[in-house]
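Below is one structure, written out as structure tokens; the observations come after it.
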Amino acid sequence: MKFFKIVNKIVVSSFLFSSSIVSANSLNYAESNINAFTLQKNSLEFALKYSKINDTIDFLNVKDTELKGVPDSIGSIGDMDGYGIKIRYGVHERFSIFGEFDKQNIDYSDEKLKNNKIDVFARYQIAQKPINAIDAISVDIGYNQNSAEQLNVTNDTLLNIMLQKIKPGTSAKISNGDLYKDDMKITLWNANGDKIIPALSIDDLKDSSWYIRLLFAKQFTNKSILDLYLGFKQTDIKSLIGIEPKNHSLLNDIIGQYKIPNLNRDENTFFTGLNYSLEFFNGLIGEINYEYSTTNRADDIDYITENHTVDASISKPITKSFIAFIGGRAMYRQFSTDIPYLYNKYTQTTFDHKYGYAKIGLIYKYSL
Numbered sequence: 000m001k002f003f004k005i006v007n008k009i010v011v012s013s014f015l016f017s018s019s020i021v022s023a024n025s026l027n028y029a030e031s032n033i034n035a036f037t038l039q040k041n042s043l044e045f046a047l048k049y050s051k052i053n054d055t056i057d058f059l060n061v062k063d064t065e066l067k068g069v070p071d072s073i074g075s076i077g078d079m080d081g082y083g084i085k086i087r088y089g090v091h092e093r094f095s096i097f098g099e100f101d102k103q104n105i106d107y108s109d110e111k112l113k114n115n116k117i118d119v120f121a122r123y124q125i126a127q128k129p130i131n132a133i134d135a136i137s138v139d140i141g142y143n144q145n146s147a148e149q150l151n152v153t154n155d156t157l158l159n160i161m162l163q164k165i166k167p168g169t170s171a172k173i174s175n176g177d178l179y180k181d182d183m184k185i186t187l188w189n190a191n192g193d194k195i196i197p198a199l200s201i202d203d204l205k206d207s208s209w210y211i212r213l214l215f216a217k218q219f220t221n222k223s224i225l226d227l228y229l230g231f232k233q234t235d236i237k238s239l240i241g242i243e244p245k246n247h248s249l250l251n252d253i254i255g256q257y258k259i260p261n262l263n264r265d266e267n268t269f270f271t272g273l274n275y276s277l278e279f280f281n282g283l284i285g286e287i288n289y290e291y292s293t294t295n296r297a298d299d300i301d302y303i304t305e306n307h308t309v310d311a312s313i314s315k316p317i318t319k320s321f322i323a324f325i326g327g328r329a330m331y332r333q334f335s336t337d338i339p340y341l342y343n344k345y346t347q348t349t350f351d352h353k354y355g356y357a358k359i360g361l362i363y364k365y366s367l
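If you're matching positions, the sequence shown starts at 0 in the numbering used here and goes up one per residue.
Dropping the structure here:
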């Protein structure tokens with residue numbers, strides 16, 4: 000409710016203020032969506048993106064300096080590859096809508112996490128040149144969501160780490176698929192006589208956020224724009240940890256007694272940043288975006304509360320309609336703000352590492 004009250008006040012104030020201004024001049028977009036100027040009316044843009052980090056594509060040297068040795072813990076993050084689709088449409092001279100879908104395949108705790116990310120928002124330009132130092136003011140209202148299918152962790156080392164986190168000092172442990180409890184070895188079998196390998200399940204992985212963002216643009220020349228912005232995001236997070244197979248009575252008697260909690264929670268994030276765009280040699284467009292965020296979390300999950308992210312890209316117009324780009328994203332505390340459900344009381348210490356990936360893509364512009 001707090002989020003919608005804030006939105007209501009800003010939107011009402013915006014429409015009252017905008018009634019006395021003229022329509023804004025629209026500027027072309029490159030790779031970044033951070034721009035207080037809206038799209039031209041009836042312009043439609045599509046973008047395709049491919050992202051990757053591995054031993055070969057590691058422009059920040061993250062694999063050697065930050066992630067070496069980390070995969071032996073719950074919540075560790077390794078290689079990633081993914082693709083994205085972005086759509087932008089200029090509804091009016093002062094109103095544009097944006098949509099983006101990303102599919103990320105992330106090496107996560109010796110498993111493969113397949114995260115689906117959706118982000119949609121509407122941008123309304125409040126004012127053009129309200130004062131000499133500002134050329135445009137806009138407000139974004141948006142929604143984003145991350146979700147993934149169930150993960151099953153079967154690695155003995157990771158399972159034992161998790162058992163100690165759930166029940167510190169427990170004598171229960173798993174070795175070669177066998178469960179040991181107080182020096183007693185227990186092997187699980189199904190009705191067909193096949194051995195059952197215990198697994199840690201991470202299920203119901205999802206976070207949903209509503210956010211509002213206020214942007215201020217200053218155009219220094221017809222080839223140089225600086226955008227400053229600030230915003231607030233309210234996030235609902237769901238995830239559930241359990242032991243597989245769930246319906247095995249003996250396994251439940253031994254481990255089910257630990258009463259593994261769900262990891263559902265709400266959190267609020269405040270963020271601010273800047274985006275600088277510059278057209279330079281032979282029509283190249285360089286963009287760099289820096290964002291700082293701080294998240295209000297409960298006392299038992301406040302190991303990491305801040306994050307710094309940097310996005311940079313260089314775009315090159317190929318034709319009047321097509322633009323190619325290449326760039327990267329760097330995160331000081333991994334995906335703690337990008338994919339909130341990954342951060343919880345059991346994984347929070349693994350986020351004390353930098354992370355980054357490279358990206359390449361193509362933008363198509365069309366006027367209806």
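A virtual CB, placed ideally from N, CA and C, is assigned to each residue, including glycine. Computed from a prediction, not measured in an experiment: that's the story for all the values here.
Annotation: residue 47 is outside any alpha helix (DSSP H); the continuous beta strand (DSSP E) that includes it extends over 42 to 52.
Note on geometry: alpha-carbon atoms of residue 112 and residue 126 lie some 43 Å from one another.
Between residue 230 and residue 211, the beta carbon gap of about 6 Å places them in contact (Cβ cut-off 8 Å). By a beta-carbon distance limit of 8 Å, residue 138 contacts residue 213. Their separation comes to about 5 Å.
With respect to residue 82, residue 48 sits close: the two C-beta atoms are nearer than 8 Å. Note on geometry: alpha-carbon atoms of residue 315 and residue 195 lie some 55 Å from one another.
In this structure residue 365 is exposed. Its beta-carbon is surrounded by fewer than 16 other beta-carbon atoms within 10 angstroms. DSSP, reduced to helix, strand and coil, places residue 316 within a strand of the structure shown. Residue 155: member of the alpha helix (DSSP H) spanning 155 to 165, first to last residue. By the C-beta density criterion, residue 339 is buried, having at least 16 other C-beta atoms within 10 angstroms. Taking every protein chain shown into account, the CB of residue 76 has 16 or more other CB atoms within 10 angstroms, so this residue is buried.
Bridge partners of residue 115 according to DSSP: 102 and 146. When DSSP reads this structure, residue 88 sits in a beta bridge with 43 and 96.
Distance between residue 306 and residue 186, taken at the CA atoms: about 44 Å.
Within 10 angstroms of the beta-carbon of residue 197 lie 16 or more other beta-carbons, which makes it buried. One Cα belongs to residue 41, the other to residue 100, and the distance between them is close to 22 Å.
Apart from the 5 residues on each side of it in sequence, residue 324 sits with its Cβ closer than 6 Å to the Cβ of 30, 312, 314 and 360 in its chain, given in chain order. Under the three-state reduction of DSSP output, residue 73 falls in the coil class, being neither helix nor strand.
Counting only runs of 3+ residues, the beta strand (DSSP E) found wholly inside the stretch 222 to 286 occupies 223 to 243 and 264 to 278, in chain order.
Taken through DSSP and simplified to helix, strand or coil, residue 298 comes out as helix. In the DSSP assignment, residue 366 falls within the unbroken beta strand (DSSP E) covering 354 to 366.
DSSP, reduced to helix, strand and coil, places residue 28 outside both helices and strands of the structure shown, so it counts as coil. For residue 331, there is no enclosing beta strand (DSSP E), since its DSSP letter is neither H nor E. In the three-state reduction of the DSSP assignment, residue 213 falls in the strand class. Under the three-state reduction of DSSP, residue 339 is assigned to helix.
Between the stretch 351 to 359 and the stretch 320 to 337 there are three or more C-beta pairs closer than 8 Å, enough to call the two in contact. Counting only residues of its own chain and dropping the five nearest sequence neighbours on each side, residue 294 has a CB closer than 6 Å to the CB of 266, 268 and 304.
As DSSP reads the structure, residue 288 sits in a beta bridge with 274 and 310. Sequence-distant partners of residue 334 (beyond 5 residues in either direction) whose C-beta falls short of 6 Å from its own C-beta, in its chain, are 341. A direct Cα-Cα distance of roughly 10 Å separates residue 283 from residue 276.
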